[in-house]
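Structure first, commentary second.
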Amino acid sequence: VEMVSGTTSVDSYGLFKKITGNAVIKNIEITGTIQAAVGSGYRAKIGAFAGSASDILEGAVIDNCKNSTSITLIAATDVNNGSKIDGVGGIIGANTSIELSNLSNSGNIDATGALAAANTDIINTYAFGGIAGQNAGNISYCENTGNIIGSNCIGGIAGITSGGVVSNCKNSGSLTSLGGQDCGGIVGRAKGTVKLSSNTGGVAAYRNHSGGIVGASNGVAVEECFNSGRVSAASGAGNSSAGIVGGLDS
Numbered sequence: 121v122e123m124v125s126g127t128t129s130v131d132s133y134g135l136f137k138k139i140t141g142n143a144v145i146k147n148i149e150i151t152g153t154i155q156a157a158v159g160s161g162y163r164a165k166i167g168a169f170a171g172s173a174s175d176i177l178e179g180a181v182i183d184n185c186k187n188s189t190s191i192t193l194i195a196a197t198d199v200n201n202g203s204k205i206d207g208v209g210g211i212i213g214a215n216t217s218i219e220l221s222n223l224s225n226s227g228n229i230d231a232t233g234a235l236a237a238a239n240t241d242i243i244n245t246y247a248f249g250g251i252a253g254q255n256a257g258n259i260s261y262c263e264n265t266g267n268i269i270g271s272n273c274i275g276g277i278a279g280i281t282s283g284g285v286v287s288n289c290k291n292s293g294s295l296t297s298l299g300g301q302d303c304g305g306i307v308g309r310a311k312g313t314v315k316l317s318s319n320t321g322g323v324a325a326y327r328n329h330s331g332g333i334v335g336a337s338n339g340v341a342v343e344e345c346f347n348s349g350r351v352s353a354a355s356g357a358g359n360s361s362a363g364i365v366g367g368l369d370s
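Residue numbers (the numbering used here): 121 to 370.
Okay, here's the thing in structure tokens:
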């Protein structure tokens, strides 16, 4: 499947705008480009396969799929307060519980254009991940090689996890925060479990919390993970960086 998008303001965007029920998505490869404008008060959720997934039933899964689509975010001419980025992922923007397994992303995610609008709501928003922007389900055997430039909560696999298990995942893409915090080679801000995963990509947060595996812990167990990527955070009071977990989310 080849995707080519325009520049109109979006809420949820992907091959599927929203996934619900017991959907099964397998054996699909997506190429192309997505250029999405953030504006009109929308809370943008963007992924090559799906903008979001909710009201999921048992057995729903995205499995054995590949994405090489690049995602570029710009500011719409009608950008205003309430215009936010609410989850951008190579596969899915915001996921409540669908299983994500055997997925790979090589597409770059670049929010530089949207952040350049200097709109406070956009700058203060979050969740950029090679596989999922926001995630509450399980992620296993996934890999990201794409580079990500965003604001807050950037992860090679998931920007934010609010539960579930991330296991047997790899990241080699570079992760860069422009003015934000909580960058991790696997998960930016994590709750749940991260295990048997590795990062070799560079991780750079503008401020608080930069980690080789997890940027900031919100109650996460990290088990048998490995990092060899360079990790950095800007110097300053309260800023922290570490090879595995950057710091505790306050």
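Here a beta-carbon is modelled for each residue, glycine too, at the ideal position from N, C-alpha and C.
Note down the Cα distance separating residue i from residue j, rounded to an integer number of angstroms.
i: Q301; j: G367; result: 11 Å
i: C303; j: G332; result: 8 Å
i: G305; j: H329; result: 12 Å
i: G335; j: V342; result: 12 Å
i: F346; j: S292; result: 12 Å
i: I218; j: I182; result: 7 Å
i: S361; j: V351; result: 6 Å
i: R163; j: K138; result: 14 Å
i: N236; j: A256; result: Looking at the sequence itself, residue 236 is Ala, so the reference to Asn does not match. Taking the straight line from one Cα to the other gives about 30 Å.
i: I229; j: I166; result: 10 Å
i: N204; j: N359; result: The question names Asn, but residue 204 is Lys in the sequence shown. Approximately 25 Å between the Cα atoms of the pair.
i: G171; j: I191; result: 12 Å
i: I145; j: G321; result: 28 Å
i: S282; j: N187; result: 24 Å
i: S317; j: S337; result: 16 Å
i: A357; j: D206; result: Because the pLDDT at A357 is just 47, under 50, the model does not fix this residue reliably, and the value given afterwards should be weighed accordingly. Approximately 28 Å between the Cα atoms of the pair.
i: A310; j: T151; result: 29 Å
Let me check understanding here. Comparing Cα to Cα, which of the options lies closest to residue i?
i: Y246; options: A195, L223, G152 and G308; result: G308
i: L295; options: G167, A353 and T189; result: A353
i: N184; options: N338, N225 and G284; result: N225
i: R327; options: N187, S318, L298 and V158; result: L298
i: A377; options: N258, I269 and S282; result: Within the shown structure, residues of the chain are numbered from 121 to 370, placing residue 377 beyond reach of any answer.
i: V340; options: E219, G284, S318 and V351; result: G284
i: S132; options: T281, T265, A214 and G275; result: A214
i: E344; options: I218, R350, S282 and V365; result: V365
i: G377; options: A256, V286 and K290; result: Since the first residue shown for the chain is 121 and the last is 370, residue 377 is missing from the structure and cannot be characterised.
i: T153; options: A310, L135, S271 and N359; result: L135
By the three-class DSSP mapping on this structure, what secondary structure does residue i have?
i: L193; result: strand
i: A353; result: strand
i: T232; result: helix
i: F169; result: coil
i: D183; result: strand
i: A256; result: coil
i: S318; result: strand
i: Y261; result: coil
i: R327; result: coil
i: N288; result: coil
i: L177; result: coil
i: A310; result: strand
Between residue i and the rest of its own chain, which residues show a CB-CB distance below 6 Å, the 5 nearest in sequence each way excluded?
i: G279; result: A247, F248, G249, G253, C273 and G308
i: S174; result: T216
i: Y261; result: S221, N222 and N288
i: A92; result: Past the edges of the chain, shown from 121 to 370, lies residue 92, and the structure says nothing about it.
i: L177; result: G141 and N142
i: T313; result: V285 and A341
i: N147; result: N184
i: K315; result: S287, E343 and E344
Go through its chain and collect everything with a Cβ distance to residue i's Cβ below 8 Å, but skip five positions before and after it.
i: I194; result: T127, Q155, A156, A157, V158, G233 and A234
i: E92; result: Any answer about residue 92 is impossible in this case: the structure gives the chain only from 121 up to 370.
Please go through the same chain and pick out, in chain order, the residues whose beta-carbon is closer than 7 Å to the beta-carbon of residue i, but skip the five residues on each side of it.
i: I251; result: G209, G210, I211, L220, L223, N225, I259, C262, N264, I277 and A278
i: N319; result: G276, N291, G305, I306, G332, I333, N347 and G349
i: G227; result: A168, N187, S188, T189, S190, I191, G210 and G266
i: G363; result: G332, N347 and V351
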